[in-house]
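Enquirer: For the sequence shown, the positions run 191 to 963 when the working numbering is used. The beta-carbon is built from N, C-alpha and C at its ideal position, and this holds for glycine as well. As the structure is a computational prediction, the values presented were derived from the model and not from experiment.
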Amino acid sequence: MFAKLTSLVGGGVVLPFELGEPHSSAWGQWTHYRGTLTADDSPCSVFRISAVNKDEPRLRSARNGVKRLRTLRHPNILAFKDAVETEERGEHVVYLVTEAASPLVPTLRSLGLSGPQRDQYLAMGLHQVMSALSFVNNDCKLIHGNVCSASVVVTEGLDWRLHGFDLVTEHRDWPVGIGADIPLSAASWMVAAQYKPGEVGKQNWDAVRTSPEWSVDAWGLGCLIQEVYSGSSLARTEDLRVTDNIPKNLLPYYQKLLASTASRRLNVIKVLEAGVLKSKLGDMMVFIENLALKDSVERDSFFKKLPSMLPSVPVPVAQRKLLPLLAAALEFGGAPPMALGSLLAIGEGMSEEERSKQVLPILTKLFASNDRGIRRGLLENISSFGHALPAALVEGQIYPNVQTGFGDANPYLRELTLKSMVVLGPKLSQKTLNQSLLKHLAKLQVDEEPAIRANTTVLLGNLAPQLPDATCKKVLLNAFTRALKDPFPPARAAGLRAVMSTAKHHGAEDVAVRVVPMVGPLCVDPVQEVRSSALQCLEQFLGTLQKNSRDMEEKAAASATAGGNGAINSSGGGASTGGSLLTGFGWAVSSLVSKSGGATDVASVHQSQPARATSATGLGRSSTSGGGGGAGYTAPATSSQPSAPSISQKITQGWDDDDGNFGSVPSRTSSRAAEAAEEPISADVGGSGWGDDDDPLEDMVDAMAAEMEARKKLSKVTVISSKHATGAATRKPVVAGARGGGVAGARATVGGGGMKLGAKKLAKEEADEFAEW
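#1: Please classify GLY586 as buried or exposed, where buried requires at least 16 neighbouring CB atoms within 10 angstroms.
#2: Taking buried to mean at least 16 other C-beta atoms within 10 Å of its own C-beta, is VAL592 buried or exposed?
#3: For THR400, which three-state DSSP category applies?
#4: Whether or not the segment 293-312 and the segment 257-267 are in contact is what I'm after, with contact meaning three or more pairs of Cβ atoms, one per stretch, closer than 8 Å; do they touch?
#5: Return the Cβ separation of HIS695 and ASP659 in integer angstroms, given the expectation that the two are a contact with Cβ distance under 8 Å.
#6: Decide if GLU638 is buried, meaning its Cβ has at least 16 other Cβ atoms within 10 Å, or exposed.
#7: To the nearest angstrom, how far is it from the Cα of THR451 to the Cα of GLY388?
#8: Helix, strand or coil for ILE572 per DSSP?
#9: Starting from CYS234, trace the beta strand (DSSP E) in both directions and tell me its first and last residue.
#10: Decide if ARG687 is buried, meaning its Cβ has at least 16 other Cβ atoms within 10 Å, or exposed.
#11: Whole angstroms is fine: what's the gap from LEU424's alpha carbon to GLN445's?
#12: Alpha helix (DSSP H) containing THR692: first to last residue?
#13: Taking the alpha-carbon of SER541 as reference, which of HIS334, VAL505 and ALA525 has the nearest alpha-carbon?
#14: Could you tell me if the beta carbon of SER723 falls within a distance shorter than 7 Å of some heavy atom in the ligand PLP?
#15: Tell me which residues share the same chain as ILE572 and place their Cβ nearer than 7 Å to its Cβ, disregarding the 5 neighbours each side in the sequence.
#16: Take the Cβ of ARG263 as the centre, count every other Cβ of all protein chains shown within 10 Å, and call the residue buried at 16 or more, exposed below.
#17: By how many angstroms is the C-alpha of GLY347 removed from the C-alpha of GLY315?
#18: For PHE670, report the span of its alpha helix (DSSP H) as first-last.
#19: DSSP on GLY210, reduced to helix/strand/coil?
#20: Taking only three categories from DSSP, how would you classify GLY465?
#21: Under the three-state reduction of DSSP, which class applies to VAL204: helix, strand or coil?
#22: Which whole-angstrom value is the C-beta distance of ALA254 and ALA322, which I expect to be below 8 Å?
#23: Spatial neighbours of PRO212 within its chain, please: CB distance less than 6 Å, with the 5 preceding and 5 following residues excluded, ordered by chain position.
#24: Would a C-beta distance cut-off of 8 Å place ARG704 and THR671 closer than the cut-off?
#25: Nearest to SER739 by CA position, among ALA702, VAL295 and ARG431, is which residue?
#26: Taking the beta strand (DSSP E) that ARG351 belongs to, which residues open and close that run?
#27: Terminal residues of the continuous alpha helix (DSSP H) containing PRO293?
#28: Identify, in the order they occur along the chain, each residue of the same chain with its Cβ nearer than 6 Å to the Cβ of GLY850, setting aside the five sequence neighbours on each side.
#29: Within this structure, are the beta carbons of ILE588 and THR622 separated by less than 8 Å?
#30: Per DSSP, what are the beta-bridge partners of ALA273 in this structure?
#31: Whose CA, out of ARG279, GLU479, LYS438 and VAL287, lies closest to the CA of ASP349?
#32: What did DSSP end up calling ARG431 once you bin it into helix, strand or coil?
#33: Tell me where the alpha helix (DSSP H) around TYR419 begins and ends.
#34: Can you tell me whether SER780 is buried or exposed? The criterion is at least 16 other CB atoms within 10 Å of its CB, across all chains shown.
#35: Could you say which of ASN439, GLN736, LEU650 and GLY412 lies nearest to ARG431 if we only look at CA atoms?
#36: By the DSSP assignment, the beta strand (DSSP E) with VAL343 in it spans what residues?
What follows is the structure, encoded as structure tokens:
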């Protein structure tokens with residue numbers, strides 16, 4: 191878009207700017223361009239005028255304007271940047287570089303203001319121009335000679351600036367005689383007729399010399415007022431009589447400015463002193479611009495009222511002028527922290543692109559502030575602008591400043607810092623999350639403030655999607671189970687909800703060994719919210735365990751079908767083949783019961799059925815560590831399976847242990863022999879190898895082999911018993927359960943014939959074989 195002019199410049203002159211597109215209008219013979227300073231790439235305005243002869247009147251006037259603008263310094267006069275005079279393609283060219291600005295009339299049209307907001311903005315702009323004009327006339331004793339809408343421009347911050355000083359003349363040094371070579375008389379032809387007062391139009395220079403220094407410019411100010419309120423450039427002098435658009439309070443002063451007699455025209459300063467152009471908008475801007483001169487009481491009072499005044503401020507003015515003023519005041523300490531709320535309120539009405547350019551750089555600087563009030567305001571409102579922060583900006587500049595709040599002595603700031611991570615956390619890298627944020631959260635989970643502990647758990651649950659799976663499995667469950675022990679009820683409830691929301695990261699083993707035992711006691715928590723969440727949590731994870739059990743059964747069945755059909759079919763006649771993992775355990779238990787309990791027959795099995803309803807003697811009482819059996823035993827009344835303690839009962843023996851073996855189960859290979867000698871057979875089923883990673887098919891084959899060995903020994907016992915039996919008919923022994931298998935299979939009771947199974951040799955042999963298994 192920008193075209194460098196260095197190629198167009200002769201004599202090796204390097205211009206300090208790049209020239210852009212021209213504006214639609216400019217004063218006099220000048221052309222107004224958009225430009226960029228090459229030194230810092232900042233925007234600027236470039237005014238260009240050229241002539242073939244370097245002594246032409248318009249070039250002399252241009253040089254006069256450059257000289258005056260260079261020496262005049264006022265807040266409402268266009269700021270001078272640089273000037274260059276050179277030759278281009280046979281022409282003499284003058285470049286004037288100033289602060290970036292736009293022509294007045296097109297800018298007013300583009301703003302599209304109306305109603306009270308338009309009136310306030312126009313009053314503020316006219317007040318600024320009158321201040322500059324009063325400075326020129328009354329302080330510098332100069333005649334501007336060219337006041338109109340073309341000699342006023344609007345800055346990026348929508349301030350009005352006076353420029354076009356080509357005709358500026360010193361009033362007190364006015365020479366005697368008409369036609370003297372002075373800028374006003376020499377270049378008056380550059381001013382359109384409708385803007386010339388009577389004495390200038392008639393070239394009555396003596397009247398100009400004897401009139402007050404403000405008389406010529408008072409007429410020009412009247413023309414400017416007409417153009418501003420009508421919204422268009424003045425076409426003819428008669429249009430000055432149209433006063434319908436002029437505010438009623440300003441109308442008397444407008445008429446005095448346009449008096450036909452030069453000496454009777456009103457001094458500009460009188461209009462300022464009358465206060466007819468005072469407005470709330472103008473007062474607001476003046477107060478902020480002079481904030482350093484105000485005491486703390488005045489500043490606090492102003493910024494308390496500022497939020498209520500913002501709706502009356504035109505949106506373009508708030509965004510382009512008020513916002514930068516507030517940002518500068520906050521950055522350099524002139525404004526109290528409460529001003530941050532107004533700054534953020536202005537930013538909410540901006541587009542994402544504008545906010546990224548104007549608001550986010552300001553906020554980034556404010557995050558580095560040591561003022562707790564500013565940090566508090568930023569953290570309280572981070573949800574309104576945090577989503578627009580780029581991840582790179584958060585990672586590199588914002589988070590390093592925010593993280594200091596985790597260790598702040600003020601609990602409220604610690605909590606605000608914690609809550610801000612809901613917005614900032616997803617924008618952090620994995621390295622920062624793992625090495626920095628999680629360490630801070632670990633400390634906050636044991637904070638002395640209960641609310642902070644609870645919110646830390648909530649945050650961890652929200653951050654889980656941003657954490658890698660390995661980190662989740664390592665960190666989350668430890669943190670959540672800690673929260674379940676918190677004495678603060680909301681912290682416990684938060685822990686339960688967090689466990690449920692991160693269920694996909696918890697495997698079935700963790701659920702069974704860690705989650706269920708910790709959640710169970712909370713089902714009777716005295717706080718209803720905790721109880722409800724605990725029951726919901728258990729219900730959810732029960733489904734997880736049930737699904738896992740079905741998956742294990744399907745996997746075992748698939749493994750058995752693929753590689754174990756031959757071994758299962760050779761296990762013996764009468765037993766069902768191809769069973770599940772649970773059926774394999776049932777077979778192993780059946781053979782062990784037969785070996786330690788004695789021979790049985792079909793009749794004794796049927797005779798034992800009525801006794802099951804009343805007997806209190808369980809399977810465990812019929813087995814001893816030495817292998818010597820009693821006269822008989824009776825199976826439990828309510829189940830066809832032997833009574834066995836559940837896995838949860840074994841886990842709960844280490845309830846409050848925080849060691850690494852929490853809820854662990856003894857190894858099958860190391861403890862089975864000892865349990866066979868000390869515990870009932872049914873207890874061995876419940877505690878030996880449950881949850882181990884053994885091959886289910888291998889267990890099934892071992893169990894079936896033990897079953898066959900037990901059958902052989904049982905046959906030997908029957909033969910020995912039949913030889914020594916007296917006074918009773920010999921019954922053929924039958925192995926119970928040969929038809930059905932399972933845990934209840936091969937149960938028998940000794941009766942009728944009074945057979946005794948007490949041979950020490952056989953008992954020792956049985957015990958040895960059991961230990962080997």
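Expert: On the basis of the coordinates in this document:
#1: exposed
#2: buried
#3: helix
#4: no
#5: 6 Å
#6: exposed
#7: 8 Å
#8: helix
#9: 233-241
#10: buried
#11: 16 Å
#12: From DSSP, THR692 is part of no alpha helix (DSSP H); its letter is neither H nor E.
#13: VAL505
#14: For the ligand PLP, the structure offers nothing, since it holds no ligand at all.
#15: SER610 and VAL613
#16: exposed
#17: 12 Å
#18: 667-674
#19: strand
#20: coil
#21: coil
#22: Residue 254 is actually Asn in this sequence, not Ala. That pair is no contact at about 18 Å.
#23: THR221 and TYR223
#24: yes
#25: ALA702
#26: 350-352
#27: Segment 291-293 is the beta strand (DSSP E) holding PRO293; no alpha helix (DSSP H) there.
#28: With a pLDDT of only 38 at GLY850, under 50, the local geometry of the prediction cannot be trusted, and the value read off the model is given with reservation. Excluding sequence neighbours, GLY850 sits near nothing in its chain.
#29: no
#30: LEU286
#31: GLU479
#32: helix
#33: 405-420
#34: Caution applies to SER780, whose pLDDT of 29 falls short of 50 and renders its modelled position unreliable; the value that the coordinates give is listed next. Classification of SER780: buried, given that the 10 Å Cβ count is 16 or more.
#35: GLY412
#36: 342-345
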